[in-house]
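Chains as they are written, first to last, in our numbering: chain L, 1 to 349; chain U, 1001 to 1349. Glycine residues also receive a C-beta, built at the ideal position from the N, C-alpha and C atoms. A short worksheet on the structure shown next.
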DNA sequence: GCTAGCTGCTAATGGCCATTAGCTAATTTC
DNA sequence: GAAATTAGCTAATGGCCATTAGCAGCTAGC
């Protein structure tokens, strides 16, 4: 059955077999409504030859000649699948897959970078095999992103990315609005003294976006902005709870779930229960989360939807000639949970 | 920054800029230990031009010229990610990703087929963009597999595949050995009357492999082969339990977890407890499994390892010129569980 | 001064396809 | 029956790169 082992037939081979020219084979194959016409007999002869010899077009040559490839590259700055990131990345991928399938594109997962993940490698990048790319990762290499942007290669970053120079396209979760809503929900529950806390330096974009939402909530209500505490590490939680008690805080907006968990434990030791004495909302970042028993009030990061949106955006920009940067944000669904309650009464202090 | 929007520089452009020939650019880029030598000054000039203009090689042209692409296609006969299959397919993908990364290959996920998944489409397939492919799916289209085999395109099927005509390469879980072991384990626990049961027609390869293991266990022990029951649907479980009781069966080898669950429930209603009165082992197929409370004795399908092995096999066959079909099987780890106990004593019947 | 050998580069080719200008033969128009 | 049109095809080109044969200029050897 297997003819000419190791070498697949080309259009030229088929042409020779069918007694036509290579161009005719190409025309039959692509069957456009272009000027050229092919008689049914010739067409059938060519198709028969293709079938008999198991002709399959060489996709590389095709893309070289034609341009589009209908392939979307997916590049992550951390290994996608390998264990640690599995739960984090998988929903993004899921969304991309779904949308790509609908838009009739395939996904090329760039995984081969190995240890030090970098897009460019000896002045070359495999990324360009695809028509465009979706970039992913919490700790991207900004230089490389800028270089890619300057190369004119179309891509969409999944996650909020601001770089120097010209802007890049991205899809971001709308942490700001969600944080604002959660904070206002605390206000609505009667909390007067609401604070924000995080672990780490808060320089990352997602962190800034969240804080911004927190501030907006106050501004919208015409209130004086509540305290924002930045802890260096989990060790400092005890001190944080001291401050909470001292300042009479009854509503806490916690950036990380880990932080919320620690606060809950530490507060418990002081006889403060969540949410009876202290309401806590969590801002969707499951980093280092340990337990899953508590049903935290907070929001979800719409990862799957972000994957879909990014894909849609990318394909749209591939279809158009306009290559200005685009941004889109995706709403974060609020999770009601059970850790935000009414302000404790009679707690004068 | 962005020069010549929409068009990336080619080697010819760089060559013109650096005052050399296109071939020189290519040589600098690839820097092989081939015959050609380039002086350091020229090299630097070229590299500088590449950097300045943001040169990136066109991967399609490269693969067209060079041959290998270091891309492995992944094709599934069912959508990979979309919800239902997620848990099923993900471990395979995980294994493929890991192995591909180690072997410095990228993964091209063919997802664009849309509703009716078929490899060939108007006489063409995008699969060949990759150097080879990994095929996946419980309900493959056999015609297409045969056609792909006949086309000479290298691929490895993940799962046991027998087709007509020439054989194809595959990696299969060793259901046979695992089933044999489990059955023998029942023997070792003293069970004299051991039966096999499944839901569905049992024509699929995995089903046949399991039954084979069951038979081998008996043969190895020189026993008369126990009954094999094939149920049409879950409805028939009550009847099955009747038969079990009537035949004095104390050890049951259940193909599907769903079946095991139903048997356990139905047996319970008759006052038969698992494993006190009836030992049940499950053959790794979680199809339709509902609950997870019971710690079934059975085996695991080593999906991740299968993904790795298939990838390794494929790359090895790409590296060699020999393209005969290869097979490999991966052992299924036995899960001790708690549903297989010693034969009930005094149960004369 | 002539040859041999080396260094450093280039011209040319091929890989497979899509596209277009243009050609031939058949058919229609007047 | 000549001119115009049309149907059906092909030759040629370009897309970007890797590879190889070979050329020009130089040095070393005798």
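- In this chain, residue 1166 (chain U) is not harboured by any beta strand (DSSP E), its DSSP state being neither H nor E.
- At a cut-off of 4 residues, the continuous stretches assigned as alpha helix (DSSP H) that sit fully inside the segment 1160 to 1245 of chain U are 1175 to 1188 and 1205 to 1221.
- The distance from the Cβ of residue 1314 (chain U) to that of residue 1072 (chain U) is about 6 angstroms, consistent with a contact at the 8 angstroms cut-off.
- Along the segment 282 to 347 of chain L, the alpha helix (DSSP H) occurs as fully enclosed runs of 4 or more residues at 303 to 319, listed in sequence order.
- Secondary structure of residue 89 (chain L) (DSSP, three-state): helix.
- Residues are counted here when their Cβ sits less than 8 angstroms from a Cβ of chain U; for the segment 37 to 61 of chain L these are 47, 50, 51, 54, 55, 56, 57, 58, 59, 60 and 61, given in chain order.
- Within 10 angstroms of the beta-carbon of residue 1309 (chain U) lie 16 or more other beta-carbons, which makes it buried.
- In this structure, DSSP gives residue 1028 (chain U) a helical state, which the three-state scheme calls helix.
- Contact of residue 132 (chain L) with chain U is not assigned, every C-beta pair being separated by 8 angstroms or more.
- Residue contact check for residue 1110 (chain U) against chain L: a CB pair falls below 8 angstroms.
- Nearest CB-CB separation between residue 97 (chain L) and chain U: below the 8 angstroms threshold.
- For residue 1132 (chain U), DSSP records a beta bridge to U:1072.
- Residue 254 (chain L) sits in a strand when the DSSP states are folded into three classes.
- Secondary structure of residue 1063 (chain U) (DSSP, three-state): helix.
- Counting only Cβ-Cβ distances below 9 angstroms, residue 1319 (chain U) has no contacts in chain L at all, with the closest Cβ about 13 angstroms away.
- Taking 9 angstroms as the Cβ-Cβ cut-off, the segment 1146 to 1169 of chain U approaches chain L at 1146, 1147, 1148, 1149, 1150, 1151, 1152, 1153, 1165 and 1166, given in chain order.
- Residues of chain U whose Cβ lies closer than 9 angstroms to the Cβ of residue 245 (chain L) do not exist; the shortest such Cβ separation is about 42 angstroms.
- Contact with chain L is absent for residue 1273 (chain U), since none of that chain's Cβ atoms lies less than 8 angstroms from the residue's Cβ.
- Note that the C-beta distance between residue 1204 (chain U) and residue 1229 (chain U) is not below 8 angstroms.
- Looking from the CA of residue 187 (chain L), the closest CA among L:257, L:217 and L:109 belongs to L:217.
- Listed along chain U, no residue sits closer than 7 angstroms to residue 329 (chain L) by beta-carbon distance, the nearest being about 24 angstroms off.
- By the Cβ-count criterion, residue 320 (chain L) is exposed, with fewer than 16 other Cβ atoms from all chains shown falling within 10 Å of its own Cβ.
- In the displayed model, residue 47 (chain L) falls within a helix according to three-state DSSP.
- Put simply, of U:1172, U:1246 and U:1018 the residue whose alpha carbon is nearest the alpha carbon of residue 1043 (chain U) is U:1018.
- Collapsing the DSSP output to three states places residue 17 (chain L) in a helix.
- Secondary structure at residue 1151 (chain U): helix, using DSSP grouped into helix, strand and coil.
- DSSP links residue 1157 (chain U) through a beta bridge to U:1135 and U:1170.
- Here residue 1279 (chain U) is bridged, per DSSP, to U:1251.
- When DSSP states are grouped into helix, strand and coil, residue 1259 (chain U) belongs to the helix group.
- Here residue 1110 (chain U) is bridged, per DSSP, to U:1075.
- Apart from sequence neighbours up to five positions away, the residues of its chain that approach residue 1132 (chain U) with a beta-carbon distance below 8 angstroms are 1072, 1073, 1153, 1154, 1155, 1156, 1314, 1315, 1317 and 1318, ordered along the chain.
- The three-state secondary structure of residue 270 (chain L), taken from DSSP, is coil.
- For the set L:256, L:311, L:249 and L:239, the Cα lying nearest the Cα of residue 169 (chain L) is the one of L:311.
- Exposure of residue 1232 (chain U) is indicated by the presence of fewer than 16 other C-beta atoms within 10 angstroms of its C-beta.
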